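K.L.:
Shown below is the structure under consideration.
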Amino acid sequence: MKVFGFTGPRNSGKTTVVEKIAEKLVNEGYRVGYIKHAGREEFIDIAGKDTSRLRDSGAARRVVIAGSESAIFMEPLELTKAYSFFGGFDYVLVEGFRRSYIGPRIVVARKIEDAIGYIDELTVGIVLTGTTQPSGSYKDIPIFSLEDVDKVANLVKTNALNPLPGLNCGKCGFKTCRGLMSAIIRGEASIDHCVTLKALKEVRLRVDDVYVPLNPFVAGLLRNILIAFISSLKGVKSKPNKIEVIVLE
Numbered sequence: 003m004k005v006f007g008f009t010g011p012r013n014s015g016k017t018t019v020v021e022k023i024a025e026k027l028v029n030e031g032y033r034v035g036y037i038k039h040a041g042r043e044e045f046i047d048i049a050g051k052d053t054s055r056l057r058d059s060g061a062a063r064r065v066v067i068a069g070s071e072s073a074i075f076m077e078p079l080e081l082t083k084a085y086s087f088f089g090g091f092d093y094v095l096v097e098g099f100r101r102s103y104i105g106p107r108i109v110v111a112r113k114i115e116d117a118i119g120y121i122d123e124l125t126v127g128i129v130l131t132g133t134t135q136p137s138g139s140y141k142d143i144p145i146f147s148l149e150d151v152d153k154v155a156n157l158v159k160t161n162a163l164n165p166l167p168g169l170n171c172g173k174c175g176f177k178t179c180r181g182l183m184s185a186i187i188r189g190e191a192s193i194d195h196c197v198t199l200k201a202l203k204e205v206r207l208r209v210d211d212v213y214v215p216l217n218p219f220v221a222g223l224l225r226n227i228l229i230a231f232i233s234s235l236k237g238v239k240s241k242p243n244k245i246e247v248i249v250l251e
């Protein structure tokens, strides 16, 4: 699963751009997810609906199941934990999260003057929604219009990356995950520098449906303990391909 972000001023057309890119990727056969930051909203649920009434009565988590989709209303999540809902997806498009999203992104604005304050070291493209004739680039960052769906989709596919865990452990040689991501975008590092992501390739710990980042030592220790225990059981292969343990309270 790879992520790509979209940020910019309010009412600049971010959702419209994300919608066009999502449709393009889906038509190409990719499985696409979407995360949006509703920063100014206290609640997402509509006042007066059954689920909001149950929230007001004290139910901390509510699930609604309909014929074609389901919805879960729950406590706020950190962005890195929200990624755990998208196992098996090809791309997750992230709208907003200007400060907490760590990854390549596009700035969406009506005109270049509005975009400048949002451009940073993670910006790989600019979409101007107030013009159909964008002017080349800004500080070597390509500029697109709403009509450049194919070009923007290709930019997303080229630059989207696995999400970094946000631990800022420094084991990659950079002080922060943002520093590593910035170096990756500049072509001075690769995603393989993240030792935590390497550990996830062998061991994934999920607690209450949320993946818990593990450093290589802890991941290796957990892996070895499980293999040693399971290998001693009758009818179990000495080198299993996959081990799944579920502990219920």
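Numbering-wise, the sequence shown is residues 3 to 251 according to the numbering used here. Where is the CB? At the ideal position from N, CA and C, for every residue including glycine. Remember, predicted model here, so these are calculated numbers, not experimental data.
Can you have a look at P136 and say buried or exposed, based on whether 16 or more other CB atoms are within 10 angstroms of its CB?
P.N.:
For the purposes of this step, residue 136 is identified with residue 134 of the sequence shown, where counting begins at 1. So P136 counts as buried.
K.L.:
DSSP three-state call for A230: helix, strand or coil?
P.N.:
Counting from one through the sequence shown, the residue named residue 230 turns up at place 228. Correct three-state label for A230: helix.
K.L.:
Quick test of the definition: if touching needs 3 or more C-beta pairs under 8 angstroms, does the region 215 to 234 touch the region 181 to 195?
P.N.:
Not touching, per the Cβ criterion.
K.L.:
Alpha carbon to alpha carbon, how far is L81 from R100?
P.N.:
Here the question's residue 81 lines up with position 79 in the sequence shown. Here the question's residue 100 lines up with position 98 in the sequence shown. Between L81 and R100, the C-alpha separation is close to 11 angstroms.
K.L.:
For V66, list the residues DSSP reports as bridge partners.
P.N.:
Along the sequence shown, read from residue 1 onward, the residue named residue 66 stands at position 64. V66 pairs with A73.
K.L.:
Rounded to a whole number of angstroms, what is the C-alpha to C-alpha distance between L56 and P78?
P.N.:
Translated into positions along the sequence shown, residue 56 becomes position 54. Translated into positions along the sequence shown, residue 78 becomes position 76. Spanning the two alpha carbons is a distance of roughly 17 angstroms.
K.L.:
Is there at least one Cβ from chain C nearer than 8 angstroms to K236's Cβ?
P.N.:
Considering every chain present, this structure includes no chain C. It has just one protein chain.
K.L.:
By Cβ distance below 6 angstroms, which residues in the same chain neighbour V65 in space, the five residues on each side in sequence not counted?
P.N.:
The count along the sequence shown starts at 1 and reaches residue 65 at position 63. Within the same chain, V65 has close Cβ partners I74.
K.L.:
In this structure, what does DSSP give as the bridge partners for L163?
P.N.:
Within the sequence shown, the letter at position 161 stands for residue 163. Paired residue(s): V5.
K.L.:
Less than 6 angstroms between C-beta atoms, sequence neighbours within five positions excluded: which residues of the same chain meet that for S233?
P.N.:
Position 231 of the sequence shown holds residue 233. Closer than 6 angstroms at Cβ, skipping near neighbours: S240.
K.L.:
How is the beta strand (DSSP E) around G60 delimited, first residue to last?
P.N.:
The count along the sequence shown starts at 1 and reaches residue 60 at position 58. Neither: G60 is in no beta strand (DSSP E) and is coded neither H nor E.
K.L.:
Do P106 and A162 come within 8 angstroms of each other at the CB atom, strictly closer than that value?
P.N.:
Start at 1 with the first residue of the sequence shown, and residue 162 comes out as number 160. Start at 1 with the first residue of the sequence shown, and residue 106 comes out as number 104. The answer is yes: Cβ separation under 8 angstroms.
K.L.:
Does the beta-carbon distance from V205 to A230 come in below 8 angstroms?
P.N.:
Indexing the sequence shown from 1 puts residue 205 at position 203. Indexing the sequence shown from 1 puts residue 230 at position 228. Result no, Cβ atoms of V205 and A230 do not sit closer than 8 angstroms.
K.L.:
Within its chain, find whatever has a CB closer than 7 angstroms to the CB of H39; leave out the 5 residues flanking it on each side and keep chain order.
P.N.:
Along the sequence shown, read from residue 1 onward, the residue named residue 39 stands at position 37. The residues are E97, G98, F99.
K.L.:
How about Y93 and V109: are their beta carbons less than 8 angstroms apart?
P.N.:
On the sequence shown, position 91 is the one that residue 93 refers to. On the sequence shown, position 107 is the one that residue 109 refers to. No. Outside cutoff.
K.L.:
How about P11 and D122: do their beta carbons lie closer than 8 angstroms?
P.N.:
Counting from 1 along the sequence shown, the entry for residue 11 is found at position 9. Counting from 1 along the sequence shown, the entry for residue 122 is found at position 120. No; because the gap between Cβ atoms is not below 8 angstroms, this pair is not in contact.
K.L.:
Can the beta-carbon of A111 be found closer than 8 angstroms to that of L130?
P.N.:
Within the sequence shown, numbered from 1, the residue matching residue 111 stands at position 109. Within the sequence shown, numbered from 1, the residue matching residue 130 stands at position 128. Cβ atoms of A111 and L130: closer than 8 angstroms.
K.L.:
From S171 to C196, what does the alpha carbon distance come to, in whole angstroms?
P.N.:
In the sequence shown, counting from the first residue as 1, residue 171 sits at position 169. In the sequence shown, counting from the first residue as 1, residue 196 sits at position 194. Per the sequence shown, the amino acid found at residue 171 is Cys instead of Ser. When rounded, the separation of the alpha-carbon atoms in C171 and C196 is 10 angstroms.
K.L.:
Would you identify the three-state DSSP class for Y36, choosing helix, strand or coil?
P.N.:
Translated into the one-based positions of the sequence shown, residue 36 becomes position 34. Looking at Y36 - three-state DSSP - the assignment turns out to be strand.
K.L.:
Apply the 10 Å Cβ neighbour rule to G69 and answer buried if 16 or more other Cβ atoms are within range, or exposed otherwise.
P.N.:
Numbered from 1 along the sequence shown, position 67 holds the residue referred to as residue 69. Counting Cβ neighbours within 10 Å, G69 comes out exposed, since fewer than 16 surround it.
K.L.:
What is the rounded straight-line gap between the Cα of Y36 and the Cα of L95?
P.N.:
Counting from one through the sequence shown, the residue named residue 36 turns up at place 34. Counting from one through the sequence shown, the residue named residue 95 turns up at place 93. One C-alpha to the other measures close to 5 angstroms.
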